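A short worksheet on the structure shown next.
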Amino acid sequence: MLSLKITTHIDIHATPEQVWQVLTDFKLYQSWNPFIRKIEGKLNAGQKLQISIHPTKQKAMQFKPTLLEVKHAQSLSWLGHFLIPGLLDGQHCFELYSQKDGRTSLVHSETFSGLLVPMMRSKLKSIKHDFDYMNQALKLRVESHE
């Protein structure tokens, strides 16, 4: 199949609710998020978002994905397409898992699918660094605002 999944993890010393508050406060992304610099739109499944990302060593990109899932303090995901569906699609997901010690484990992933995946595999894999960078920034933001 023409797909590639990039998955990152980080533990944050805060509750899922605290992580969710920062993760879904789109208006403040520019002040802390080095990768996703801007998100505009309402936090409701089915809504279109306007997103601006700044990958390392690449040009900034804008796209308009559709919110697929919004589960308060649990998960957030959207689906975007490059030009037309099936060419290069990306399902971006944030999943929050409560740990017994009060921490939250964040799983941050994207599943790419479509005809262009084989040709863009190495470029797409390089985005893992940006996810890790964003995760670290989110951790710092949440833990400094407890």
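27 is the number that my numbering gives to position 46 of the sequence shown; each next residue is one higher, with no gaps.
No residue lacks a Cβ here, since even glycine has one placed at the ideal position from N, Cα and C.
Just so it is clear, the structure is predicted and the values come from calculations on it, not from any experiment.
| Query | Result |
| --- | --- |
| Boundaries of the alpha helix (DSSP H) in which Lys120 is found, first to last residue | 108 to 125 |
| Rounded separation between His35 and Ala41 - CA only | 4 Å |
| Own chain, CB closer than 8 Å to Ile108, minus 5 neighbours either side, in chain order | Ile(-13), Pro36, Glu91 |
| DSSP-derived helix/strand/coil call for Lys104 | helix |
| Proximity winner among Gln(-1), Gln43, Asn25, relative to Phe16 (alpha-carbon distances) | Gln43 |
| DSSP-derived helix/strand/coil call for Leu96 | coil |
| Environment of Ser94 [buried if 16+ CB atoms lie within 10 Å] | buried |
| Alpha-carbon to alpha-carbon, Met115 and Asp70 | 21 Å |
| Closest Cα partner of Thr(-11) within the set Gly83, Gly61, Cys74, Met101 | Cys74 |
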